[in-house]
Amino acid sequence: MEPFLQFLINGITLGSIYGLIAIGYTMVYGIIGMINFAHGDVYMIGAFNAVIVYLVLGILGVTWVPLALVLVLLLAVVLTSTYGWAVERLAYRPLRGSFRLAPLITAIGMSIFLQNYVQLLQGARNKPLPPVIQGSFDLTSGSDFVVKLGFMQILIVVTTVALMVVFTYLITKTPLGRSQRACEQDQKMASLLGVDVNRTIGLTFVIGASLAAVAGFMVTLYYGVVDFYIGFLAGIKAFTAAVLGGIGSLPGAMLGGILIGLIEAFWSGYFSVEYKDVAAFSILVLVLIFRPTGLLGRPDIEKV
Amino acid sequence: MNKVLTIENVQTFYGHIQALHGVSLDVDEGEIATLIGANGAGKSTLLMTICGDPQARSGRIVYKGEEITGKPTYEIMRMGIAQSPEGRRIFPRMTVLENLQIGATILGPDRFEEDLAKVYELFPILKERERQRGGTLSGGEQQMLAIGRALMSRPRLLLLDEPSLGIAPLIVKRIFEAIRRINEEEKMTIFLVEQNAHHALRLAHRGYVMVNGRIQLTGSGRDLLANPEVRAAYLEGGR
Ligand SMILES: Nc1ncnc2c1ncn2[C@@H]1O[C@H](COP(=O)(O)OP(=O)(O)O)[C@@H](O)[C@H]1O
Ligand SMILES: [Mg+2]
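As you go down the protein sequences, you meet chains S and H in turn.
So in our numbering, the last spot in the first sequence is 555, and the numbers never skip.
So in our numbering, the last spot in the second sequence is 236, and the numbers never skip.
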């Protein structure tokens, strides 16, 4: 029983991170129908931005931890969303309306470019961050397996839930969210109502990159180390989560993320750490065979 | 009379295929002008060309004294033009209310409630369907929603593309009555595209007949209704 609880906690923590990244994949797919393979690397850049801002703040003498963390979060989001916006503006927008594979190939190129860019500027070695938030609650006592709920895990889950509340409000209730959904359903009609479609697509990348930046920030604090390659695997897992939940579905992305996190945690716990990635991808294959639209995806019948 | 819209010698292409072969017409302030013509004549292409999607390859389109040829669609619509397009294009996964809200995108929330009340007064069924998804409405209800959505931006020029297409005669009557009211009460200029020539010409102050991407005939609605050519082609033994 105790190990089960521990794997559950670990899985939900990890799954929150995947879910935040997955939303960026699913939103971009929803609005322009492409898989933005560079999104995982935008997340990696988010993690690096967090480290850089943290170190700079240290030099400037901002040492009160709560203030430093809030500033790191805000600045990492601003910097990273600029990258997200620029990727769309420079690499994808010029290709809009060209053949379907063109943006996909460009996205893969962009992914490699961003990895190399960070490797060149920051070096190939991983970057450590001094542990900022340590400690945990012991949920059980007495037996030889003590279930720990880390303060950092609480921070990750609470932040994710808060972000989801804000994000859901943004998409369902605000003019920006409405324009976003309108462009997703019918771009021609949206522009006939005065919606600037290009701007809306740009903002979609900004929102996706912002969520990825928060994920990158939290991962950096959680593991205390980043390197230029972390975007690859996290990106593939988050993409898997988006497909599992139903690509294009926002609740699906979060659900898929949590599921992938849980699968990974339980598989590593009960079977083998080495094969945890295989487990997640096997589940994906099964879902695609039996439910190609994903768990919460809708079959494409309404498109006229 | 002040001209709201002037179209001069406009040519529009889809790839290599030419759809409009030098169309010229104008629409006066406060009038209902109609454009009739057979299926494939180029009517929808003309309405979309006014809105900049597709762009005219040559010629000029002037709205209220300002040339709009070459401007992006969203900028043209922000100048006070609205369209209820062919096929209605209701956002299927948004509610009726959300469809109307997105119609008011360019105005912001200030006068939203007032405009919403007007649209509901014009089409009471929309109020009953307020929380229903657009995709679940009947054809007639979708058409009313498309017109209502266009009205939410307080346009000075309203473009309507075949609002009677595929809709029961009783509902068509109601929709045309609403169009007349919008024109009279709001003093809104309306450019109405129709295959249903009978209804359209009776309502309109002025009519144009389009054949194969060219304007063939022009006259007052009454004159065109009486014109033997028009009667033979569009009224008797056809649409
Ligand atoms: N998207 C398009 N691509 C290519 N050809 C088109 C397209 N839309 C319309 N056309 C062609 O342009 C001509 C005019 O069409 P349209 O403007 O829809 O006529 P109408 O509205 O009068 O029925 C037709 O020959 C039609 O086949
Ligand atoms: Mg048409």
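From the three backbone atoms N, C-alpha and C, an ideal C-beta is built for every residue, glycine too.
Within chain H, partners of residue i - CB distance below 7 angstroms
i	result
Pro426(S)	Thr102
Ala489(S)	Correct list: empty, because the minimum Cβ distance to chain H is about 24 angstroms.
Residue i: CB within 6 angstroms of a non-hydrogen atom of ligand 1
i	result
Ala147(H)	no
Ser442(S)	no
Ala38(H)	yes
Tyr11(H)	yes
Ala375(S)	no
Ala16(H)	yes
Residues sharing a beta bridge with residue i, DSSP
i	result
Pro379(S)	Val476(S)
Lys399(S)	Asp389(S)
Phe10(H)	Gln15(H)
Gly216(H)	Gly204(H)
Arg23(H)	Note on residue identity: the sequence assigns Asp, not Arg, to residue 23(H). Thr3(H).
Ser81(H)	Leu157(H)
Thr31(H)	Leu189(H), Gly204(H)
Thr92(H)	Arg130(H)
Arg211(H)	Val208(H)
Residue i beta carbon near ligand 2 (any heavy atom closer than 6 angstroms)
i	result
Lys61(H)	no
Glu83(H)	yes
Lys439(S)	no
Ser41(H)	yes
Partners in chain S for residue i, counting only beta-carbon separations shorter than 7 angstroms
i	result
Glu95(H)	Arg429
Ile29(H)	In chain order: nothing, as chain S lies at least about 21 angstroms away.
Ile179(H)	Chain S residues near Ile179(H): none, gap ~18 angstroms exceeds 7 angstroms.
Gln98(H)	Arg429
Under 8 angstroms from the C-beta of residue i: neighbouring residues of chain S
i	result
Phe88(H)	Arg432, Ala433, Gln436, Asp437, Met440
Met141(H)	The contacting residues do not exist; Met141(H) stays about 16 angstroms from chain S at best.
Met207(H)	None at all; the shortest Cβ gap to chain S is about 21 angstroms.
Residues that residue i contacts on chain S, provided the C-beta gap is smaller than 9 angstroms
i	result
Met185(H)	Near Met185(H) there are no residues of chain S at all, since even the closest Cβ is about 17 angstroms away, more than 9 angstroms.
Ser237(H)	Shown here, chain H extends from -2 to 236; a query on residue 237(H) therefore has no answer.
Next item on the list: Ignoring anything shorter than 3 residues or poking outside the stretch 114 to 189 of chain H, list the beta strand (DSSP E) runs there in chain order.
Entry: 154 to 158
Checklist line | Near-chain S residues of the stretch 69 to 83 of chain H - C-beta to any C-beta below 7 angstroms | finding: If the cut-off is 7 angstroms between Cβ atoms, the stretch 69 to 83 of chain H has Thr70, Tyr71, Met74, Arg75, Gln80, Pro82 near chain S.
Check: Quick one, which residues of the stretch 437 to 464 of chain S are near chain H if we go by CB-CB under 8 angstroms, in chain order?
Finding: Asp437, Lys439, Met440, Ala441, Ser442, Leu443, Leu444, Gly445, Val446, Asp447, Val448
Notebook entry, point to check: Just by C-beta distance, which residues in the stretch 400 to 431 of chain S are closer than 7 angstroms to chain H?
Noted result: Contact residues of the stretch 400 to 431 of chain S toward chain H are Pro426, Arg429, Ser430 (C-beta to C-beta distance below 7 angstroms).
Check: Taking Cβ-Cβ distances below 7 angstroms as the criterion, which residues of the stretch 46 to 72 of chain H are in contact with chain S?
Finding: Cys48, Asp50, Thr70, Tyr71
Next item on the list: Name, going along the chain, the residues of the stretch 504 to 517 of chain S whose beta-carbon falls closer than 9 angstroms to a beta-carbon of chain H.
Entry: none
Margin query: Output needed in chain order: residues of the stretch 121 to 146 of chain H with a Cβ under 8 angstroms from some Cβ in chain S.
Written below: Gly132, Arg146
Next item on the list: Taking only runs that begin and end inside the stretch 43 to 76 of chain H, name each unbroken alpha helix (DSSP H) of 4 or more residues, in chain order.
Entry: 70 to 75
Check: Where in the stretch 400 to 454 of chain S do unbroken runs of the alpha helix (DSSP H), each at least 4 residues long, occur, reported from the N-terminal end onward?
Finding: Those alpha helix (DSSP H) runs which fall completely within the stretch 400 to 454 of chain S and span 4+ residues are 402 to 424, 426 to 436, 438 to 443.
Checklist line | Continuous alpha helix (DSSP H) assignments of at least 4 residues falling wholly in the stretch 318 to 367 of chain S | finding: none
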